[in-house]
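Q: I have a structure I would like to understand better, so I am pasting it below and will then ask my questions one at a time.
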Amino acid sequence: MTRAYDVVVVGAGPAGVAAAAAFAKRGADVLLLEAEPNAATRLAGEWLHPLAADELARLGLLSELPGAARAAGRGFAFFSDDGTAPVLLPYAARERALAIEHSVLLSTLRQAIARTPRVTYVPHARVRSVAPGTVGYRVDGAAHEVHAGLVVGADGRNSAVRSSCYGPRNAPPAVSHMAGLLVADAALPHEDYGHVLLGGPGPLLMYRVSERHVRLCLDVPVGSAVRSPEALFHAFAPVLPHAMRGPFRDALEHDRVLWAANRLAARSHYGAPGVALVGDAVGTTHPLTAAGMTLGVLDALTLAECGDVHAYARRRARMSHVPEVLSRALYEVVTREDESASAVRAAMVETWRAEPRERARTMRILAGQEQGRVVFAAAFTKVAARALRAESLAATPLRERAGRVYQLHEWARYPLSMLRGAAPVPRGEGAPQVAESAPG
């Protein structure tokens with residue numbers, strides 16, 4: 002006899018575990034399938050913004066988290082490439098992010114969900130079919146099939162559940178590659194803050210993940226020859242504080258460097274009748290702003306609250322659009338090397354430095370707490386206006402100034418995207434969608 006579940010969740014990452022726990026808390030019988038439980042050691046999300054961290058705690062999923070294996074995050078410290086002092090971007094008072102090694106987080110979440118009433122967790126379960134109301138999977142070579150009232154695809158950017166709704170999709174091209182390594186026994190310039198440092202081949206992100214370890218994430222442009230440990234050291238050591246350079250070299254010489262491709266895919270597909278997508282299965286952002294895990298957890302909680310896939314898609318398309326666009330805009334601002342990007346970058350830092358309100362607004366948007374499109378458009382327009390003003394007053398020939406001012410007009414696509422309701426990059430993706438029919 003085929004077993005029936007109210008909800009079958011495919012993928013036991015943070016978004017999948019959150020979905021299983023949230024549905025179970027509402028009285029649903031949930032089957033949670035994970036194909037590769039041993040893949041937790043890959044380079045993946047390790048920073049949860051306060052809203053998502055608080056929700057996981059509320060679901061009882063973090064109660065067994067070892068204290069020495071985690072760190073609190075008070076915000077971000079932004080080090081520009083102009084040699085000036087860093088700008089601190091704190092969360093609101095008493096709000097704290099959770100920073101933790103990805104493998105430790107997943108182990109804790111999966112142990113907690115395995116003990117959760119009404120949830121059946123099956124590791125090493127590889128989905129082979131998703132059809133209306135049924136899911137087929139294999140465990141240790143044995144085939145299984147279950148009835149499902151709702152299927153939740155939380156199986157990442159290469160989602161098999163997504164493919165069942167929309168067909169196979171070629172992966173978007175990588176915008177960069179991320180090299181990750183753990184540095185031991187090093188002090189950060191601003192403890193309890195994530196650090197974003199410019200001046201290397203790409204931005205460098207570092208944050209404490211435990212009492213002893215700091216994670217370094219080195220963004221390497223596509224096509225760059227910076228791949229070997231020696232090349233990574235010479236490219237990124239100059240932007241690090243002097244006290245970090247020795248531990249950085251030691252880590253490169255003695256520890257394995259983890260690599261991951263960074264791909265941007267607009268959050269434009271949410272599922273089909275009876276099949277919902279959450280997290281990276283919906284779309285992906287650049288890890289620089291640490292938005293991915295938070296968006297996934299909030300997807301899961303919203304889906305459980307709505308129950309209906311169409312209602313969920315409408316709400317999340319509205320709620321996640323602003324942090325998604327901010328993430329893309331910030332990455333473009335800090336990585337492009339043309340004069341217009343440099344002008345916007347300088348104006349952004351000057352705005353943050355001069356206006357505490359803008360620092361707070363940036364962090365509310367980034368953390369998923371501020372979802373108003375007009376708010377984002379106003380913030381970005383203020384930065385662009387400062388850049389225009391600086392360029393128009395620059396002591397350069399009139400023709401050169403006019404050319405630079407003209408180049409700045411392209412940045413208007415970010416506030417304009419708030420009116421259209423679609424992320425401006427990457428291009429070629431459609432508006433948020435729910436497939437008209439269930440997979441067959």
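The sequence shown begins at 2 in my numbering and counts up by one.
Each residue gets a CB set at the ideal place from its N, CA and C atoms; glycine is no exception.
1) Does the Cβ of H287 have 16 or more other Cβ atoms within 10 Å, making it buried, or fewer, making it exposed?
2) Starting from the C-beta of R317, find all residues in its chain whose C-beta is less than 6 Å away, skip the five residues before and the five after it, and write them out in chain order.
3) So the candidates are G28, R119 and N39; which of them puts its Cα closest to the Cα of G12?
4) Is there contact here, the segment 343-353 with the segment 381-390, by at least three beta-carbon pairs under 8 Å?
5) Let me confirm a value: E411 is counted as buried when at least 16 other C-beta atoms fall within 10 Å, else exposed. Which label applies?
6) Sorted by chain position, which residues of the same chain lie with C-beta nearer than 8 Å to L60's C-beta, five sequence neighbours on each side aside?
7) Which value, in whole angstroms, describes the spacing of the CA atoms of A396 and A98?
8) So, helix, strand or coil for P433, using DSSP?
9) For V88, which option in A368, I366 and G195 has the closest C-alpha, if you only look at C-alpha atoms?
10) D55 lies in the alpha helix (DSSP H); which residues open and close that run?
11) Short check: CB of V123 to CB of L32, under 9 Å?
12) Give me the DSSP bridge partner(s) of D220.
13) Since R163 and A282 should fall inside the 8 Å C-beta cutoff, what is the C-beta to C-beta distance between them, to a whole number of angstroms?
14) Taking P248 as the reference, which of A188, L278 and D220 has the closest Cα?
15) Going by CA-CA distance only, name the one from W48, L44 and P91 that's closest to R358.
16) Any idea if H243 is buried or exposed, counting beta-carbon neighbours within 10 angstroms, 16 or more meaning buried?
17) Taking the alpha carbon of V10 as the reference point, which residue from R213, V221, T135 and L367 has its own alpha carbon closest?
18) Is it the case that the Cβ atoms of E65 and A113 are separated by a distance below 9 Å?
19) Within its chain, find whatever has a CB closer than 6 Å to the CB of A261; leave out the 5 residues flanking it on each side and keep chain order.
20) For the alpha helix (DSSP H) that contains A73, what are its first and last residues?
21) Can you tell me the Cα-Cα spacing of V131 and G203, whole angstroms?
22) With distances taken Cα to Cα, identify the nearest neighbour of L253 among V376, R216, G369 and L331.
23) List the whole-angstrom C-beta distance separating V323 from R374, where the pair is believed to meet the contact cut-off of C-beta under 8 Å.
24) Give, in chain order, every unbroken run of the alpha helix (DSSP H) that is at least 4 residues long and sits entirely within the segment 267-307.
25) Starting from G195, trace the beta strand (DSSP E) in both directions and tell me its first and last residue.
26) Could you check the C-alpha separation between A378 and R116 for me, to the nearest Å?
27) If we call anything under 9 Å between Cβ atoms a contact, is V240 one with F80?
28) Per DSSP, which residues does Y208 bridge with? Please list them.
29) DSSP beta-bridge partners for P91?
30) Look up S438 in the DSSP assignment and say whether it is helix, strand or coil.
31) So, helix, strand or coil for L107, using DSSP?
32) Quick one, are the C-beta atoms of D82 and L199 less than 9 Å apart?
A: Quick look at the numbers:
1) Burial is judged here by how many other beta carbons sit within 10 angstroms of a residue's own beta carbon; H287 has at least 16 and is buried.
2) D300 and T303
3) N39
4) yes
5) exposed
6) A19, A22, A23 and K26
7) Residue confidence is low: A396 scores 49 on pLDDT, short of 50, so the model does not pin down where it sits. Its coordinate-derived value is still stated next. Cα to Cα, the separation comes out at about 43 Å.
8) Low confidence applies here, because P433 scores a pLDDT of 48, under 50, leaving its location unreliable; read the following figure in that light. Three-state DSSP puts P433 in coil, outside helix and strand.
9) G195
10) P51 to R59
11) yes
12) Among the bridge pairs identified by DSSP, D220 is matched with M179.
13) Contact between R163 and A282 holds, since their C-beta atoms are separated by about 5 Å, short of 8 Å.
14) A188
15) P91
16) exposed
17) T135
18) If you check the CB distance, E65 and A113 come in under 9 Å.
19) L44 and M179
20) Careful: A73 lies outside any alpha helix (DSSP H), inside the beta strand (DSSP E) at R71 to G74.
21) 40 Å
22) Checking every option, the nearest Cα to that of L253 belongs to R216.
23) 6 Å
24) 293-307
25) Y194 to L198
26) 44 Å
27) yes
28) Looking at the DSSP assignment, Y208 forms a beta bridge with R216.
29) DSSP lists G76 as the beta-bridge partner residues of P91.
30) Below a pLDDT of 50, predicted positions are generally treated as unreliable, and S438, at 44, falls in that range; the measurement from the model is reported next regardless. Of the three classes helix, strand and coil, the one that applies to S438 here is coil, per DSSP.
31) helix
32) Note that the C-beta distance between D82 and L199 is below 9 Å.
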